[in-house]
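Report on the structure given below.
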Amino acid sequence: MAMVSGLRFVTFCALATPLLGVGGARAEMMSGWSAPSGTAVRLLAGEADAGTVTGGIEIRLTPGWKTYWRYPGDSGVPPRFDWSGSQNVGAVDVLWPAPVRFDDGGSFSIGYKKDVVIPFRVTPKEAGKPVALRLNLDFAVCEKICQPATASLGLDVPAEGAGSSPAPLAAALASIPRNTEIGAPGAPAIEKAVLEGDSIRIEAQVANGEKADLFVEGPNEDWALPLPSREAGPDGRTVFVLPVDGVPKGADIAATKLRFTLVDGNRAVEVDAPLSTH
Numbered sequence: 006m007a008m009v010s011g012l013r014f015v016t017f018c019a020l021a022t023p024l025l026g027v028g029g030a031r032a033e034m035m036s037g038w039s040a041p042s043g044t045a046v047r048l049l050a051g052e053a054d055a056g057t058v059t060g061g062i063e064i065r066l067t068p069g070w071k072t073y074w075r076y077p078g079d080s081g082v083p084p085r086f087d088w089s090g091s092q093n094v095g096a097v098d099v100l101w102p103a104p105v106r107f108d109d110g111g112s113f114s115i116g117y118k119k120d121v122v123i124p125f126r127v128t129p130k131e132a133g134k135p136v137a138l139r140l141n142l143d144f145a146v147c148e149k150i151c152q153p154a155t156a157s158l159g160l161d162v163p164a165e166g167a168g169s170s171p172a173p174l175a176a177a178l179a180s181i182p183r184n185t186e187i188g189a190p191g192a193p194a195i196e197k198a199v200l201e202g203d204s205i206r207i208e209a210q211v212a213n214g215e216k217a218d219l220f221v222e223g224p225n226e227d228w229a230l231p232l233p234s235r236e237a238g239p240d241g242r243t244v245f246v247l248p249v250d251g252v253p254k255g256a257d258i259a260a261t262k263l264r265f266t267l268v269d270g271n272r273a274v275e276v277d278a279p280l281s282t283h
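For the sequence shown, this note's numbering begins at 6 and goes up steadily by one.
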């Protein structure tokens, strides 16, 4: 997945900025802004719950600019998160909001065309103690030409987390695709995912068949499955079809669990499942 080279990284360090409510009570916690070309980036802290601390990476985009999802599609570069400078951080689980497909100048990519908050959950090494978040973020932003960008961010979070999640973080958490199974009732839903010769056929139940979209990922970055086409299916279903392409040499797609992300307006589901053959 190529990215235009020879462009300079612009990096700013951002310091933690807690905002205080009436009487000095902690209302929200966020870092300062880092401002690579075409963007502004900061960390947000949310509530602590069940031994984890919730946060978010807020990326504001200049109108007309875009950035990429974890699987960027035909071109582009996914974000890279380096938390190694953090303290009391055992693990960080990134939670991806539902993306969109966009024309990237002769190819189609997957990502975000508007401001986005990418939530994450931190599991501290020592529960009940503060967490010092230090993130070096490498990502790509595009207007007409894509360019790399970096942001260095820091935020110290008390053991109890922030008093409440900032509105942008709360909205992003609500937009995370819901984990489900093939054949689960309701809409949106993936009803079938079938390997048919040299193609994959997915039948879905959605509210808006003309705008719904589907993204299919392999188990690692060696896989580069293409974006599917969309067509009307039987009984009001929407069918997505993609060729068996971008499969690593020696891999058996029939025996591999794939990830399907079905986006239907402001609702989305995510399914991890192997393909059926009938």
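We put the beta carbon where it would ideally sit given N, CA and C, even for glycine.
P124 classed as buried or exposed, judged by whether at least 16 other C-beta atoms fall within 10 angstroms: The residue is buried, with at least 16 neighbouring Cβ atoms inside 10 Å.
Just the Cα atoms here: how many angstroms apart are G51 and V97? C-alpha separation (whole angstroms): 14 Å.
Going along the chain, which residues of its own chain have a beta-carbon closer than 8 Å to the beta-carbon of K149, five neighbours each way excluded? The beta carbon of K149 sits closer than 8 Å to the beta carbons of G110 from its chain, once the five residues preceding and following it are set aside; these are given in chain order.
Cβ shell of G29 (< 6 Å), same chain only, five flanking positions each side left out: Note that G29 scores 38 on pLDDT, short of 50, meaning its location in the model is unreliable and no value can be drawn from it.
Look at the Cβ atom of V276, then the Cβ atom of F265, and state whether they are nearer than 8 Å. Going by C-beta atoms, V276 is nearer than 8 Å to F265.
P279 lies in the beta strand (DSSP E); which residues open and close that run? Membership of P279 in the beta strand (DSSP E) is indicated by the continuous run 272–279.
Please report the straight-line C-alpha distance between N213 and K118, rounded to a whole angstrom. Between N213 and K118, the alpha-carbon positions lie close to 20 Å from each other.
Can you tell me whether V3 is buried or exposed? The criterion is at least 16 other CB atoms within 10 Å of its CB, across all chains shown. Since the first residue of the chain shown is 6 and the last is 283, residue 3 is not available in this structure.
Looking at L142 and T128, is the spacing between their C-beta atoms short of 8 Å? Cβ distance not < 8 Å, so T128 and L142 don't count as in contact.
Out of V252, V58, K134, state which residue places its alpha-carbon closest to the alpha-carbon of A2. In the structure displayed, the chain extends from 6 to 283; residue 2 sits before or after that span and is not available.
Going by C-alpha to C-alpha distance, which of V244, S169, S204 sits closest to A194? A194 has its Cα closest to that of V244, out of V244, S169, S204.
If you draw a straight line from the C-alpha of R242 to the C-alpha of A55, how long is it? Approximately 39 Å between the Cα atoms of the pair.
Short check: CB of V122 to CB of G43, under 8 Å? Cβ distance not < 8 Å, so V122 and G43 don't count as in contact.
Restricting to Cα atoms, I'd like to know which of L48, R235, A256, P83 is closest to Q152. Comparing Cα positions, the closest option is P83.
Which first and last residues belong to the beta strand (DSSP E) in which L158 is found? Element bounds for L158: 151–162.
Would you mind sorting V268 into buried or exposed? The rule is 16 or more other CB atoms within 10 Å of its CB. V268 should be labelled buried.
Where does A145 fall in DSSP's three states? Strand.
Measure the beta-carbon distance from P233 to A260 and round it to whole angstroms, keeping in mind my assumption that it falls under 8 Å. Their Cβ separation, rounded to whole angstroms, is 21 Å, which puts P233 and A260 out of contact at 8 Å.
Identify, in the order they occur along the chain, each residue of the same chain with its Cβ nearer than 6 Å to the Cβ of V288, setting aside the five sequence neighbours on each side. The requested residue 288 is not part of the displayed model; the chain covers only 6 to 283.
Less than 8 Å separating the beta-carbons of P182 and A45? Taking 8 Å as the Cβ cut-off, P182 and A45 do not qualify as a contacting pair.
Any alpha helix (DSSP H) of 4 or more consecutive residues that is wholly inside the region 158–206: If we require 4 residues or more, the alpha helix (DSSP H) runs fully inside the region 158–206 come out as 172–179.
Sequence-distant residues of its chain with Cβ nearer than 7 Å to F14 (five each side left out): At F14, the pLDDT of 33 sits below 50, so the modelled position is not reliable and the matter cannot be decided from this model.
What three-state label does DSSP hand D54 in the structure shown? Correct three-state label for D54: strand.
Beta-ladder partner(s) of R85, from DSSP: BP columns for R85 point to D143.
CA nearest to the CA of G187, picked from A176, A40, E215, S281: Note on identity: in this sequence residue 187 is Ile, with Gly being the wrong assignment. Nearest of A176, A40, E215, S281 to I187, Cα basis: S281.
Once DSSP output is grouped into helix, strand and coil, what is the label at P41? Assignment of P41 by DSSP, reduced to helix, strand and coil, places it in the coil class.
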